[in-house]
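Here is the structure we will look at.
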Amino acid sequence: MFIINHMILVVLWLLFGFLHSLLAANWWKRIMQRRLGAGFKYYHFAYSVFAALTLIGILVFQITMESRLLYVAPVWVNLLLCLPVLAGLAIMVVVIRKYFFSLSGISVFYKQQAPVVLEQGGLHRYVRHPLYFGTLLFIWALFLVFPYLNNLLACCVITLYTVLGARLEEKKLVTQFGEQYVLYKQRVPMIFPGRFMPRK
Numbered sequence: 003m004f005i006i007n008h009m010i011l012v013v014l015w016l017l018f019g020f021l022h023s024l025l026a027a028n029w030w031k032r033i034m035q036r037r038l039g040a041g042f043k044y045y046h047f048a049y050s051v052f053a054a055l056t057l058i059g060i061l062v063f064q065i066t067m068e069s070r071l072l073y074v075a076p077v078w079v080n081l082l083l084c085l086p087v088l089a090g091l092a093i094m095v096v097v098i099r100k101y102f103f104s105l106s107g108i109s110v111f112y113k114q115q116a117p118v119v120l121e122q123g124g125l126h127r128y129v130r131h132p133l134y135f136g137t138l139l140f141i142w143a144l145f146l147v148f149p150y151l152n153n154l155l156a157c158c159v160i161t162l163y164t165v166l167g168a169r170l171e172e173k174k175l176v177t178q179f180g181e182q183y184v185l186y187k188q189r190v191p192m193i194f195p196g197r198f199m200p201r202k
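Numbering of the sequence shown is given in our numbering, commencing with residue 3 and proceeding in unit increments.
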């Protein structure tokens, strides 16, 4: 049962990534737009609710399952690792808070829609996808604090999906913003900062 549960965990994270990419793909959205008609305006919000519920379900399964401790780190090491954990969490909170209305799809319930612009300031001066960077920093630092096998497997799958998902998203952004995004790509790294000062 120990091995089976870990295999199930990997499959769940893979399915989450697959469904997340599928439901966000432009070709799938066009299909849903034809089928839903006027109701398509609620698609993004429904998608966000579905993603949140499935994410919570997987996390509950991961946290409650029995797993193997891979190593024991000194207390001072874990205390130091709290810094990147908090840093990653802070980045995630800042980005999600800034883009909550557009990310969640809740803006459909408001009459005035915010204009879609290419953000290049703030954290976007250092990486094109700060939410992905913050997420990876958070989960890997958290794994080093809680070095269980299930957490390692989750980190590996999430990292793989994040990198692949970012590449898919880049294609959509180039289509959406054109030459403006191409020039932005030339100046700023995708996920991992090349240096801590913005490129000029």
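Using N, Cα and C, we set each Cβ at its ideal position, and we do this for glycine too.
Here the structure is a predicted model, which means the values were calculated and not measured.
May I have the straight-line CA-CA distance separating residue i from residue j, to the nearest angstrom?
i: Q182; j: G123; result: 14 Å
i: R36; j: Y163; result: 28 Å
i: Y128; j: M3; result: 44 Å
i: F47; j: L11; result: 26 Å
i: L24; j: L166; result: 13 Å
i: V79; j: A92; result: 20 Å
i: Q178; j: A75; result: 46 Å
i: W142; j: A156; result: 10 Å
i: K187; j: L83; result: 31 Å
i: L151; j: L38; result: 42 Å
i: L175; j: V95; result: 23 Å
i: E68; j: E172; result: 38 Å
i: F198; j: L120; result: Unreliable positioning characterises F198 in this predicted model, as indicated by a pLDDT of 46, which lies under 50. The coordinate reading is nonetheless provided below. Their Cα atoms are separated by approximately 21 Å.
i: Y49; j: G59; result: 15 Å
i: F52; j: R169; result: 23 Å
i: R32; j: L55; result: 24 Å
i: V147; j: Q64; result: 16 Å
i: A40; j: M34; result: 11 Å
i: N7; j: F145; result: 18 Å
i: N28; j: L61; result: 28 Å
i: F135; j: N153; result: 18 Å
i: R201; j: F42; result: Confidence at R201 is low in this model, with a pLDDT of 45, below 50, so its placement is unreliable and no value can be given for it.
i: T66; j: C158; result: 19 Å
i: M9; j: R70; result: 14 Å
i: R99; j: V77; result: 32 Å
i: V13; j: A26; result: 20 Å
i: I108; j: F20; result: 23 Å
Under 8 Å between the Cβ atoms of residue i and residue j?
i: W30; j: I160; result: no
i: L139; j: P86; result: yes
i: Y73; j: P149; result: yes
i: G180; j: T137; result: no
i: F18; j: L57; result: yes
List the endpoints of the continuous alpha helix (DSSP H) containing residue i.
i: H126; result: Looking at the DSSP string, H126 is not in any alpha helix (DSSP H), and its letter there is neither H nor E.
i: P132; result: P132 to V147
i: A89; result: V77 to K100
i: G167; result: L151 to F179
i: M67; result: Segment: none, M67 is in no alpha helix (DSSP H) and carries neither H nor E.
i: V119; result: It is not in any alpha helix (DSSP H) - V119 carries neither H nor E in the DSSP assignment.
i: K31; result: N28 to L38
Report the CB separation of residue i from residue j in whole angstroms; it is logged as a contact under 8 Å.
i: V97; j: L133; result: 4 Å
i: M192; j: H126; result: No, M192 and H126 are not in contact; Cβ-Cβ is about 11 Å, not under 8 Å.
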